[in-house]
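Student: Please read through the structure below; I'll follow up with questions.
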Amino acid sequence: MKARILGTGSYLPERCLTNDDLAQWLDTSDAWIRERTGIGRRYVSEAGTAEMAVRAAKAALENGGISAEEVDLILVGTMTPDYFCPSVSCQVQCALGADRAACLDISAACSGFLFALSTAQAYISSGMAETVLVIGAETMSRVVDWEDRGTCVLFGDGAGAAALQAGETGILAVDMGCRGSKGMALSCPAVPLQNPTERARYEENSFIRMDGQEIFKFAVRTVPDTVRRVLQAAGIPAEEISHFVFHQANRRILLSVAKNLGIPMEKVPMNIERTGNMSAASVPVLLDELNRKGELVRGEKLVLSGFGAGLSWGSLVLEW
Ligand code: COA
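Heads up: the sequence shown runs through residues 18 to 337, numbered per the working numbering.
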């Protein structure tokens, strides 16, 4: 059995910040941000990660014609949960009334939705689950330093979801990997070590720190490699893929990846201009937008690919 996406959903906050808004307190400009990243604006949420995840999840279940009672497993890719515990997935379960579901958050930053989808495939193909709700949800606005022009211009908030069920077709091949040795190139500290026997060893804020050029180089080298590997594993040539749904980190990264792979840009949809980088939410939000525009045709083959902190990457080929 394979994991097949039957429905998608997404939620984007009402409020958004344009590049010009940021330039009111940062030494930056609309022209600089657009040229280097392709980003024009990004959403910032008034709600937390779980609330956005619930809205995306409801839309995905409705779109797929699946009831909350049918869900065996809820997987949420996120690096910005509202609490260390309960998990976002448990909060989603409660809000949906998906009482039969086991719940698990997956921390793989911008690769989180891909890692969660591949986990869904593993549960479904092994027979451990039949219906799985996979969500990518992030409130990146809570972990960016709004005074750091090198990072805060890049990220945005949002949530996307996919409802999957066991079927004859669906996810055909998966490629995942990590390079922990380069992890500090994109980091965000949690709480300091502090207990009765140990004084705090560091006093950092929980803000994202990034070596932008290192991440850029990582992405333009790693993404073509993972896409080639997953296509080979599926035994499907790139020409047969209708859409390459990439993590929306940077327009220049995607142009470079497409050129390396020899893919026409018409097959590389982008929403980064409107959304910025929503980490684990980027791929499912874009997928939902394509689905709702009627651009995804049953039977066509897609590649989904995410990459980012960890450092990590995950790609898969699926039959829509
Ligand atoms: N506005 C104006 N100037 C900015 C700026 C901003 N928002 N951010 C950085 N700068 C400045 C730097 O301070 C630097 O100034 P200096 O030359 O006076 O020191 C200059 O622009 C060049 O900085 P640099 O970091 O070399 O720019 P870059 O061309 O590498 O672009 C990124 C920076 C972040 C856009 C780019 O490295 C990138 O996109 N990397 C990938 C990041 C990413 O996608 N992360 C998430 C992965 S999931």
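Where a beta carbon is used, it is the ideal one built from N, C-alpha and C, also for glycine.
1) Using alpha carbons as the reference points, say which of G229, D242 and A67 lies closest to V105.
2) At a cut-off of 7 angstroms, is L272 close to the ligand ZN when judged by its beta-carbon and the heavy atoms of the ligand?
3) If you measure between the beta carbons of A298 and G177, is that distance less than 8 angstroms?
4) If you measure from the CB of R53, is any heavy atom of the ligand COA nearer than 7 angstroms?
5) Which partner residues of M227 appear in the DSSP bridge assignment?
6) Is there at least one non-hydrogen atom of the ligand COA closer than 7 angstroms to the beta-carbon of Q230?
7) Considering only heavy atoms of the ligand COA, does any lie closer than 7 angstroms to the CB of L171?
8) Cβ of C127 within 7 angstroms of any heavy atom in the ligand COA?
9) Whose C-beta lies closer than 6 angstroms to the C-beta of P206 among residues of the same chain, with five residues either side of it excluded?
10) Mind checking which residues open and close the alpha helix (DSSP H) that includes W49?
11) For V160, collect the residues of the same chain with a Cβ closer than 7 angstroms to its Cβ; drop the 5 residues on either side in sequence, then sort them by chain order.
12) Check whether the Cβ atoms of E215 and A183 sit closer than 8 angstroms, and answer yes or no.
13) With a threshold of 7 angstroms (Cβ to nearest heavy atom), would W42 be considered close to the ligand COA?
14) Are G65 and D99 close, meaning C-beta to C-beta below 8 angstroms?
15) Between E86 and D47, what straight-line distance do the alpha-carbon atoms span, to the nearest angstrom?
16) Is it buried or exposed for Q230, if we count other Cβ within 10 angstroms and need 16 for buried?
17) From the DSSP output, in three-state form, read off E283 for me.
18) Would you decide whether Q138 is buried or exposed? Buried here means 16 or more other CB atoms lie within 10 Å of its CB.
19) Using the three-state DSSP reduction, which class does E63 fall into: helix, strand or coil?
20) State buried or exposed for S27, treating a residue as buried only when at least 16 other CB atoms are found within 10 Å of its CB.
21) What's the C-alpha gap between P241 and M201?
22) What residues in its chain sit with their C-beta under 7 angstroms from that of F132, if we drop five residues either side in the sequence?
23) Applying the 10 Å Cβ sphere with the 16-neighbour rule, what's the burial state of Q211?
24) Expressed to the nearest angstrom, what Euclidean distance is found between the alpha-carbon atoms of R246 and G325?
25) Considering R21, what are the terminal residues of the beta strand (DSSP E) in which it resides?
26) With distances taken between CB atoms, is the gap from G55 to I289 smaller than 8 angstroms?
27) My assumption, with CB atoms under 8 angstroms, is that L307 sits in contact with H264. Please give the rounded CB distance.
28) Threshold first: 4 residues or longer. Then list the alpha helix (DSSP H) segments lying entirely within the segment 151–184, N to C.
29) Please report the straight-line C-alpha distance between G323 and D116, rounded to a whole angstrom.
30) Return helix, strand or coil for R269, following the three-state DSSP convention.
Tutor: Looking at the coordinates:
1) Stepping through the sequence shown from its first residue, residue 105 is reached at position 88. The option with the nearest alpha carbon to V105 is A67.
2) The ligand content of the structure shown is limited to the ligand COA, which means the ligand ZN is not among them.
3) Working through the sequence shown from its first residue, we reach residue 298 at position 281. Working through the sequence shown from its first residue, we reach residue 177 at position 160. Yes. Within cutoff.
4) Position 36 of the sequence shown, counted from the start, is the residue given in the question as residue 53. Under cutoff, so the answer is yes.
5) Start at 1 with the first residue of the sequence shown, and residue 227 comes out as number 210. Its beta-bridge partners are L203.
6) Taking the sequence shown and counting its residues from 1, the one referred to as residue 230 is at position 213. Result yes, Cβ under 7 angstroms from the ligand COA.
7) As a position in the sequence shown, residue 171 is number 154, starting the count at 1. Yes, the beta carbon of L171 sits closer than 7 angstroms to at least one heavy atom of the ligand COA.
8) Here residue 127 refers to the residue found at position 110 when the sequence shown is read from its first residue. Checking every heavy atom of the ligand COA against the Cβ of C127, one is found closer than 7 angstroms.
9) Within the sequence shown, residue 206 is the residue found at index 189, counting from 1. Contacts found: E221 and S223.
10) For this step, residue 49 is matched to residue 32 along the sequence shown. W49 -> alpha helix (DSSP H) spans D47 to T54.
11) Taking the sequence shown and counting its residues from 1, one reaches residue 160 at position 143. Correct list, in chain order: T97, C205, S223, F224 and I225.
12) Translated into positions along the sequence shown, residue 215 becomes position 198. Translated into positions along the sequence shown, residue 183 becomes position 166. Not closer than 8 angstroms, so no.
13) Taking the sequence shown and counting its residues from 1, the one referred to as residue 42 is at position 25. Outside the cutoff, so no.
14) Start at 1 with the first residue of the sequence shown, and residue 65 comes out as number 48. Start at 1 with the first residue of the sequence shown, and residue 99 comes out as number 82. Contact: yes.
15) Numbered from its first residue, the sequence shown carries residue 86 at position 69. Numbered from its first residue, the sequence shown carries residue 47 at position 30. For E86 and D47, the distance between alpha carbons rounds to 47 angstroms.
16) Numbered from its first residue, the sequence shown carries residue 230 at position 213. Looking at its Cβ environment, which holds fewer than 16 other Cβ atoms inside 10 Å, Q230 is exposed.
17) On the sequence shown, position 266 is the one that residue 283 refers to. DSSP places E283 in the helix class (H, G or I) of the three-state scheme.
18) For this step, residue 138 is matched to residue 121 along the sequence shown. With 16 or more other Cβ atoms from the protein chains shown falling within 10 Å of its own Cβ, Q138 counts as buried.
19) Looking up residue 63 in the sequence shown gives position 46. Collapsing the DSSP output to three states places E63 in coil.
20) Taking the sequence shown and counting its residues from 1, one reaches residue 27 at position 10. Buried, since its Cβ has 16 or more Cβ neighbours within 10 Å.
21) Your numbering for residue 241 matches position 224 in the sequence shown. Your numbering for residue 201 matches position 184 in the sequence shown. Taking the straight line from one Cα to the other gives about 22 angstroms.
22) For the purposes of this step, residue 132 is taken as residue 115 along the sequence shown, with counting starting at 1. Excluding sequence neighbours, F132 sits near G94, I123, A125, M193 and G331.
23) Indexing the sequence shown from 1 puts residue 211 at position 194. Exposed, by the Cβ-count rule.
24) Counted from its first residue, the sequence shown places residue 246 at position 229. Counted from its first residue, the sequence shown places residue 325 at position 308. C-alpha separation (whole angstroms): 18 angstroms.
25) Here residue 21 corresponds to residue number 4 of the sequence shown, with the count starting at 1. R21 -> beta strand (DSSP E) spans K19 to Y28.
26) Position 38 of the sequence shown holds residue 55. Position 272 of the sequence shown holds residue 289. Yes, they are a contact pair.
27) Locating residue 307 in the sequence shown gives position 290, where the first residue counts as 1. Locating residue 264 in the sequence shown gives position 247, where the first residue counts as 1. Contact doesn't hold; Cβ gap of about 15 angstroms is too wide.
28) none
29) Along the sequence shown, one-based indexing puts residue 323 at 306. Along the sequence shown, one-based indexing puts residue 116 at 99. Going from the Cα of G323 to the Cα of D116 covers about 30 angstroms.
30) In the sequence shown, residue 269 corresponds to position 252, counting from 1. If DSSP states are grouped into helix, strand and coil, R269 belongs with the helices.
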